[in-house]
Structures are given as structure tokens and as C-alpha cells.
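Chemist:
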Amino acid sequence: MGRIKRGGYIFEFWIGDHFPRHVHVFKNGKFLARVELDVHLTLMEGRITRQIRKILVALMKEEAFG
Numbered sequence: 045m046g047r048i049k050r051g052g053y054i055f056e057f058w059i060g061d062h063f064p065r066h067v068h069v070f071k072n073g074k075f076l077a078r079v080e081l082d083v084h085l086t087l088m089e090g091r092i093t094r095q096i097r098k099i100l101v102a103l104m105k106e107e108a109f110g
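So the working numbering is basically just the index in the sequence shown, starting at one, shifted up by 44.
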């Protein structure tokens, strides 16, 4: 399991987890969203803000999710 903290959010992901590749987003211990990483940050569950989307784009450019 990987866990990255940015902008007050925690992004959790599992290498080798089931398809599609995705990340779970939390803030203050509360689940906010599950976002698919392979197809333009498709929202799978929950809600995301522009700030979360911006952080996810930056993390993907850094190849932080493996």
C-alpha cells in the first residue's frame, strides 16, 4: 500500500490491486472519493474538488502511483 500526503489530503493506493488502477482520497480521516487514474481521472465514487484534481494531476506527472 502506498500513502501520499499533499494539501491536507491523503491519497492511498495499492500496487497490484484490481483493475482499474485507482486511488482513495481522504481528509481528516474521512473518505472523500475513489478516482480512476487510467482514464482522465474518472470519478468512481464520492466527490472531488478542483484542488484534489490539481494535486492528482501533479502526482501523476511525478509518477507517484507506480
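Heads up, the beta-carbon is just placed ideally off N, CA and C, and yes, glycines get one too. Remember, predicted model here, so these are calculated numbers, not experimental data.
Over what stretch of residues does the beta strand (DSSP E) that includes A77 continue unbroken?
Modeler: 74-80
Chemist: Between the alpha carbons of F55 and F109, how many angstroms are there, rounded?
Modeler: 10 Å
Chemist: What separation, rounded to the nearest whole angstrom, lies between the Cα atoms of R65 and N72?
Modeler: The alpha-carbon atoms of R65 and N72 are separated by roughly 24 Å.
Chemist: Which same chain residues, not among the five before or five after G76, have their C-beta less than 8 Å away from its C-beta?
Modeler: Reading off the sequence shown, one finds Leu at residue 76, where the question assumed Gly. Taken in chain order, the residues that qualify are Y53, V69, F70, G90, R91, I92, I96.
Chemist: Suppose the cutoff is 7 Å on Cβ atoms and the five residues either side in sequence are ignored; what does the same chain contact list for L87 look like?
Modeler: A77, V79
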